[in-house]
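Respectively, the protein sequence lines represent chains A and B. Residue numbers for the first sequence follow the working numbering, so the first one is 312 and each next one is one higher. Residue numbers for the second sequence follow the working numbering, so the first one is 312 and each next one is one higher. Accompanying notes for the structure given below.
There are 2 protein chains.
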Amino acid sequence: GAKKIMAAPPLILCGGFLLLIILGTFLLKLPIATVHPISWVHSLFTATSAVTVTGLSVEDTGTVFTTFGQVTIALLIQCGGLGLMTFAIVTLVALGGRIGFLQRTVAIEAFNHTDASTIVSTAKSVLLFSFVVEFIGMVILAVHWSDSLGWKNSLFYGFFYTISAFNNAGFALSANSLIPYVSDPVVNFTISGLFIIGGLGFSVWIDLMRNRRWSKLSTYSKMMITGTIIINGVAVLAIYFIEYNNPHTLGPLSESGKWLASWFQAVTPRTAGFNTLPINQLRDATTALMLVLMFIGGGSLSTASGIKVVTFMLLVYATYGYLRRDEEVNVFKREIPKEVISKALALAMISIGVTWLAIFGLLLSEKSAPMIDVVFEAVSALGTVGLSRGLTGSLSDTGEFIIIFLMFIGRLGPLTLAYFLASPRRKKVRYPKAKMTVG
Amino acid sequence: GAKKIMAAPPLILCGGFLLLIILGTFLLKLPIATVHPISWVHSLFTATSAVTVTGLSVEDTGTVFTTFGQVTIALLIQCGGLGLMTFAIVTLVALGGRIGFLQRTVAIEAFNHTDASTIVSTAKSVLLFSFVVEFIGMVILAVHWSDSLGWKNSLFYGFFYTISAFNNAGFALSANSLIPYVSDPVVNFTISGLFIIGGLGFSVWIDLMRNRRWSKLSTYSKMMITGTIIINGVAVLAIYFIEYNNPHTLGPLSESGKWLASWFQAVTPRTAGFNTLPINQLRDATTALMLVLMFIGGGSLSTASGIKVVTFMLLVYATYGYLRRDEEVNVFKREIPKEVISKALALAMISIGVTWLAIFGLLLSEKSAPMIDVVFEAVSALGTVGLSRGLTGSLSDTGEFIIIFLMFIGRLGPLTLAYFLASPRRKKVRYPKAKMTVG
Ligand SMILES: [K+]
Ligand SMILES: [K+]
């Protein structure tokens, strides 16, 4: 009855992901999908990586998979990135007024400043906007590559890389990702443009299109835009200066090439996952920076994952507010509700906890792997980033299952999974307040 | 005037630490303190490590320092651990009713369930209790060692190790810490007993002595005791099973020796810092566990540091409470005030942020060091633990200053430092609430 419907959306989201992954696993296991047979585990891994738009791969996408296999991967990416999100929105609308507290929160968050009546039209706008952006990206890439690849191949490459970029999937048709294009500005800016647009989140784009002035934007949009600019700016400068003399990364490049590569490598960990520099050759300080960027991720309700830019900013603001003895957290002259801070805290804690448990498990299952490679792989999987220092191909079966699990809950959102695990309390009891020492 | 006095306690605490460190630096630089001259940086490092009860050492305490030097280190430890805490308490009492909001909070937290009038007598009890425990520890160790070392040496060893253990300092008189005593139950239980008593926090001991029944204990004491038992239990089991076959750690030991070593290595990272197993030979999974244990640390108002056991538990409870859609966080049938959760969040965020920045700096200054060694060293320093995978001795000067800074703010409490940096707001403005997407 009503209770079942109220619990539906997270279940539908979770079930939808599972169905897509199972479908993808069977399709990619078909003899016509690969040039030589692959194991069921590898098929499951690839399907999960595509549906969760992660981009980690145990089989080389460009050489092991046939055109049928590559198109399947591209469609799984599109369904997992853009499709499932739109599907979730429509489901919420279908439930109308009967949706419970949790679902109403999700729906309102999905389109803050938009009431339920406009959700269908908004969902349509999202799809239209996405297809237009993807079409433009595909044309630019296809034209750019047509000289070297011929029109047929360049069109397919344009199709595949556009879908992979816009959905922040990071799947590439060559084993070394975009390293061959490190100094190609058209490829760099088209692909980074696509994944930044996809990763900013649709609510921000809708807000920008409706209210063209900064002062009229929602607090969320202001935080998201400010946060993206600050994080990207700091990351570009840090990578440029740390890697400047590294002979394996920026060293051999021209001055403008260094800036281009720094830009690309700074924006891709949140959470596109392409790379134009060899990840395992980066200096350790850059690696430490990338771990944070991958953990933060992109925008809410976008094709990106991670704890999200605004979650990160809220935690910083809450900390700063506490230190200033402010009684409430204020951002851009708006008060942030206490339950929003609680949600940010819960999300960060669960993400840290899940990542740590996965690292612990991987260290037990991959005894010969360097610890930093394991940490990088786990953070990359939960953030559905897809960058790797090279561990993916040599994972044990247990290791592959841990990464599959991380990608799944990373894309579903660690909180969605946690909601299933924690049963809501039955009765409301109010207890006296405790005095408490902290720190 | 009144304003200056209101700002005093954190300043006095900070200034007291600095004075002790400067005094210690000069004393340890004296020709009679060492068998050969040491640099000013090493003298400063050793003094800071002693005053902050960390135990990281750039010069071997047992061979480089003379008896005068070793006694100086022991007294710095006692002043930095037990002394400065008592001093801070007395200062708070001296300010009486004129102390501001922040200071009152600190004072109440220092002795929850105790009003200001009983603070002096409580401070006396703390000192008396500590000296009695230290005396008992010293006698046990001296008697135990008297056969092998002779009464003079065994008395000195008993004196040094008791002070080092009770204050959770982790300084040892041999370069390989307590590895020679890995199978000696008397040494293991006496020293771990001392640092567990010291690290549990005095408010818990006072509470236990006054209210001997579980139901009468404060929520804080219940959380602290439960948390300590759970964390230690999990850690012992994990280390036992992970290291069981490791030929460099538990492998060669007897069954009871394995349990004894697991026990000791499980309880020492929070935040005693002694070791009976070689830290750099532990399996990576054990290392990952130790990082968490070192970050959590011991009890509030104790000789231990870290974010504290109860802070960690509050973050877990707050996360669980959010998932259950509880409107308030309840622990042991008591409601935890919102500002306490905010403080726990702020403390965790600042600790994570400072640790990350230090790791980033160390990765730039120690280019040839393995990343995991750097991470371990930084977490150990901020938690004033003192365990090391061997990096301490080969740190560059920049690296030594980063570690000195970490030990200092680790012991002072990252929040105390942050209070100085964040100026309280002047006027109170209440802004409208923002709608907000998280995650
Ligand atoms: K990705
Ligand atoms: K210590």
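Every residue, glycine too, gets a C-beta built ideally from N, C-alpha and C.
1) Alpha carbon to alpha carbon, how far is P558 (chain A) from I451 (chain B)?
2) Can you name, in chain order, every residue of its own chain whose Cβ lies under 6 Å from the Cβ of I502 (chain B), other than the five neighbours on each side?
3) For chain B, is any of its Cβ atoms less than 8 Å away from the one on Y633 (chain A)?
4) F712 (chain A) to L673 (chain A), Cα distance in whole Å?
5) Would you list the one or two residues that DSSP bridges to E554 (chain B)?
6) Comparing the C-beta of I536 (chain B) with each C-beta of chain C, is any distance below 8 Å?
7) Classify Q414 (chain A) as helix, strand or coil using the three-state DSSP reduction.
8) How about H353 (chain A) and V369 (chain A): do their beta carbons lie closer than 8 Å?
9) Where do the N-terminal and C-terminal ends of the alpha helix (DSSP H) with V493 (chain B) fall, by residue?
10) So is the beta-carbon of T365 (chain A) under 7 Å away from any non-hydrogen atom of ligand 1?
11) Apply the 10 Å Cβ neighbour rule to P342 (chain B) and answer buried if 16 or more other Cβ atoms are within range, or exposed otherwise.
12) Cβ closer than 8 Å: which chain B residues qualify as neighbours of W667 (chain A)?
13) CB-CB under 6 Å to I590 (chain B), same chain, minus the five flanking residues each way: which ones, in chain order?
14) What residue from B:G326, B:T365, B:I542 and B:T359 has the CA that sits closest to V690 (chain B)'s CA?
15) Considering Cα atoms alone, identify which of A:S616, A:F471 and A:W351 is closest to L339 (chain A).
16) Alpha carbon to alpha carbon, how far is N641 (chain A) from L693 (chain B)?
17) Check distances from the C-beta atoms of the region 668 to 697 of chain B to those of chain A and list, in chain order, the residues that come in under 7 Å.
18) Hey, how far is the Cα of A596 (chain A) from the Cα of N556 (chain A)?
19) Does chain A have any CB closer than 8 Å to the CB of L324 (chain B)?
20) When the Cβ atoms of the region 475 to 493 of chain B are set against those of the region 604 to 620 of chain B, are three or more pairs found closer than 8 Å?
21) Which partner residues of T345 (chain B) appear in the DSSP bridge assignment?
22) What span of residues does the alpha helix (DSSP H) with W574 (chain B) cover, start to end?
23) List the endpoints of the continuous alpha helix (DSSP H) containing D708 (chain A).
24) Does at least one heavy atom of ligand 1 sit under 7 Å from the Cβ of V696 (chain A)?
25) Report the rounded CA-to-CA distance for A583 (chain B) versus G609 (chain B), giving the unit in angstroms.
26) Give a single yes or no on whether T582 (chain B) has its beta carbon closer than 7 Å to a heavy atom of ligand 2.
27) Kindly indicate which three-state DSSP category A364 (chain A) falls into: helix, strand or coil?
28) Short check: CB of K644 (chain A) to CB of K649 (chain B), under 8 Å?
29) Skipping 5 residues on each side, what residues in its chain have a beta carbon closer than 7 Å to that of A358 (chain A)?
30) Any Cβ of chain A within less than 8 Å of the Cβ of T630 (chain B)?
31) For the alpha helix (DSSP H) that W462 (chain B) lies in, which residues bound it at each end?
32) Could you tell me how far apart the beta carbons of E566 (chain B) and R594 (chain B) are, in whole angstroms, since I believe they sit closer than 8 Å?
33) In chain order, what residues of the same chain have a beta carbon less than 6 Å from the beta carbon of E420 (chain A), not counting five sequence neighbours either side?
34) Hey, L658 (chain A) and P725 (chain A): beta-carbon distance below 8 Å or not?
35) So what does DSSP say about I618 (chain B), is it helix, strand or coil?
So, from the data block:
1) 59 Å
2) A476
3) yes
4) 10 Å
5) For E554 (chain B), which the question treats as bridged, DSSP gives no partner whatsoever.
6) Any reference to chain C falls outside this structure, whose protein chains are A and B.
7) With a pLDDT of 42 at Q414 (chain A), under the threshold of 50, the modelled position of that residue is not reliable, and no figure is offered here.
8) yes
9) Element bounds for V493 (chain B): n/a, residue is neither H nor E.
10) yes
11) exposed
12) A599 and V603
13) L698 and R700
14) B:T365
15) A:W351
16) 30 Å
17) I670, F671, L674, L675, M682 and I683
18) 14 Å
19) no
20) yes
21) B:F376
22) E566 to V578
23) D708 to L723
24) yes
25) 9 Å
26) yes
27) With the sequence shown as reference, residue 364 (chain A) is identified as Val, and Ala is not the correct amino acid for it. Here V364 (chain A) sits in coil by DSSP.
28) no
29) I332, G335, T336, L339 and L387
30) yes
31) W462 to F477
32) So it is not a contact: roughly 19 Å between Cβ atoms.
33) In this prediction, E420 (chain A) has a pLDDT of 47, which is less than 50 and means its spatial position is unreliable; nothing more can be read from the coordinates.
34) yes
35) coil
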